[in-house]
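Please read the structure below before turning to the comments.
Residue numbers (this note's numbering): 669 to 754.
Shown next, in the form of structure tokens:
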């Protein structure tokens with residue numbers, strides 16, 4: 669078992685503010701990298717349809733580790749703005 673090939677960061681809450689869980693890094697040639705859809709900085713909103721709202725870091729790690737062979741992630745991806753030439 670080599671995991672899903674990424675590290676996560678976040679899951680700290682400040683009062684009522686949920687700062688979220690984010691992809692910190694993606695392991696080259698790991699499952700996350702091979703998907704071509706997961707990038708550092710992506711916010712993980714849900715794992716296998718289980719919302720991460722209010723979930724602390726260790727809780728998110730546990731959800732991933734307790735998953736069977738397939739892991740489905742709902743991500744929010746923010747990409748840098750691009751300049752278009754006329």
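For every residue, glycine included, the Cβ atom is placed at its ideal position computed from N, Cα and C. Note that the structure is a prediction, hence the values are computed from the model and not measured.
Terminal residues of the continuous alpha helix (DSSP H) containing residue i?
{"i": "residue 736", "result": "Neither: residue 736 is in no alpha helix (DSSP H) and is coded neither H nor E."}
Taking only the alpha-carbon atoms, compute the straight-line gap between residue i and residue j and give it to the nearest angstrom.
{"i": "residue 738", "j": "residue 753", "result": "42 Å"}
{"i": "residue 740", "j": "residue 717", "result": "7 Å"}
{"i": "residue 736", "j": "residue 671", "result": "10 Å"}
{"i": "residue 675", "j": "residue 690", "result": "9 Å"}
Return the Cβ separation of residue i and residue j in integer angstroms, given the expectation that the two are a contact with Cβ distance under 8 Å.
{"i": "residue 695", "j": "residue 709", "result": "Wrong, their Cβ atoms sit about 16 Å apart, outside the cutoff."}
{"i": "residue 715", "j": "residue 728", "result": "7 Å"}
Could you give the first and the last residue of the continuous beta strand (DSSP E) run that contains residue i?
{"i": "residue 702", "result": "Here residue 702 belongs to no beta strand (DSSP E); instead the alpha helix (DSSP H) covers 699-703."}
{"i": "residue 712", "result": "711-715"}
{"i": "residue 690", "result": "689-694"}
{"i": "residue 755", "result": "Since the first residue of the chain shown is 669 and the last is 754, residue 755 is not available in this structure."}
Would you mind stating whether residue i and residue j have Cβ atoms separated by less than 8 Å?
{"i": "residue 688", "j": "residue 711", "result": "yes"}
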